[in-house]
Amino acid sequence: MGRYIIKRLALILPTLLGVIMINFVIVQFAPGGPVEQIIAQVTAGNLSTTSGISGGGDSGVQSNAADTGASSQDLGSYGLDPALIADLEKQFGFDKPAHERFFNMVVNYAQFDFGTSFFQDRPVLELVAERIPVSISLGLWSVLLIYGISIPLGIAKAVRDGSRFDIWTSSVIFVGYAVPGFLFAIILIVLFAGGNYFDIFPLRGLTSDNWEAMSWPNRILDYFWHLALPLAALTIGGFATLTMLTKNSFLEEINKQFVLTARAKGLAENRVLYGHVFRNSMLIVIAGFPSAFIGIFYTGSLLIEVIFSLDGMGLLSYEALIKRDYPILFGTMFIFTLIGLVMHLIGDITYTLVDPRIDFETRE
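See the structure below:
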């Protein structure tokens, strides 16, 4: 297993390099870069020529910029002074050849230097450090809730297959699966967050304004009080698939010959279910843990962050994509890719912990 882990760790570097290269190349053909956006604001009268070239730190932007694919001649068609356009390109780092920009970006990323945001004039790492606790809170707690509900419920449905309990819980599960998480979030807000009915839970943020003045027990309660509705919205749409997957995996294992043999030997039912069936049936469930965490951590919580006004990584990446803030966009993509690769490696290691018979080195 040690040799397999070393191989997987060695593959992380070329994978990250490939992700950076693909994103860099795609950006070459993407219209509407930051220079064009500022020029559009200048021509529309929303921005002065002096303020138009003040967005983004000089050294950080130049060390981490990606090309928009627009030349000075193309942008000169806006009727602006070519010197102003040249200043904008220099400020955002677009005055250098593409290969030089890419090389500088790779060198900086190797040192975890993601540069400075074009439009917020703050280091990308500082912005990520601000936002990532929100996304980790949503992702970690929602995945734990989904797995904590789905696995016991799936096992109970498998053991009681065809009973009233199985039928009624299946009805609830299918309703939960059919309702999108963002729609359920809106329903929760209307019902419990100062809508037309009850005003029980807060509408925005992860903590109250006076959180710093609270005692630690009250801080913890306040934190989970703010998380209650977002977690409920994320969990309701995520546990249905995993519950049915757990049930079907358990049913498949229960009907195998070794289970009948174990029961014939007089083993207790709990010993049969949790000592033999559980180990084999949980393999496919464990396989989906990394993707489930990354999905909620990044894309799954985007609408939830918007609805509940939570400044997380998903919202940060979305805003960067709209504004063409490439340092943030590339930096968050790099971080998400790195986390995803590490989580998949953790998933493989968990495979061997659940079932020591699995040997990835022999498989290779």
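With the working numbering as the guide, the letters of the sequence shown map in order to residues 801 to 1164.
Just so you know, even glycine gets a beta-carbon here, dropped at the ideal spot from N, CA and C.
Check	Outcome
For A929: DSSP bridge partner residues	A929 is not bridged to any residue.
C-alpha gap between F903 and I1054, whole angstroms	56 Å
Distance between beta carbons of M1113 and S935, contact taken as under 8 Å	4 Å
Rounded straight-line distance, which links the Cα of K957 to that of I1122	45 Å
Exposed unless 16 or more other CB atoms sit within 10 angstroms - verdict on F1058	exposed
As assigned by DSSP and simplified to three states, the class of P897	coil
Alpha-carbon to alpha-carbon, G915 and Q862	With a pLDDT of 40 at Q862, under the threshold of 50, the modelled position of that residue is not reliable, and the figure given next carries that caveat. Looking at the two C-alpha atoms, the distance is approximately 8 Å.
First through last residue of the alpha helix (DSSP H) which encompasses R964	964-978
Segment limits, alpha helix (DSSP H) that includes L1117	Note on identity: in this sequence residue 1117 is Ser, with Leu being the wrong assignment. That run of the alpha helix (DSSP H) goes 1113-1123.
Three-way DSSP call (helix, strand, coil) for L999 in this model	For the sequence presented, residue 999 should be read as Asp rather than Leu. Strand.
Same chain, Cβ closer than 7 Å to A1062, five either side skipped, listed in chain order	V1072, H1076
Counterpart residues of T916 in DSSP-defined beta bridges	P923
Residue environment, I967, which counts as buried when at least 16 other CB atoms sit within 10 Å	exposed
Inter-residue spacing [alpha-carbon to alpha-carbon] between L1060 and E1052	13 Å
Best match in G1066, T969, E1105 for proximity to G1005 [C-alpha to C-alpha]	E1105
Rounded separation between W990 and S950 - CA only	The residue you asked about is not Trp; residue 990 is Val in the sequence shown. Going from the Cα of V990 to the Cα of S950 covers about 27 Å.
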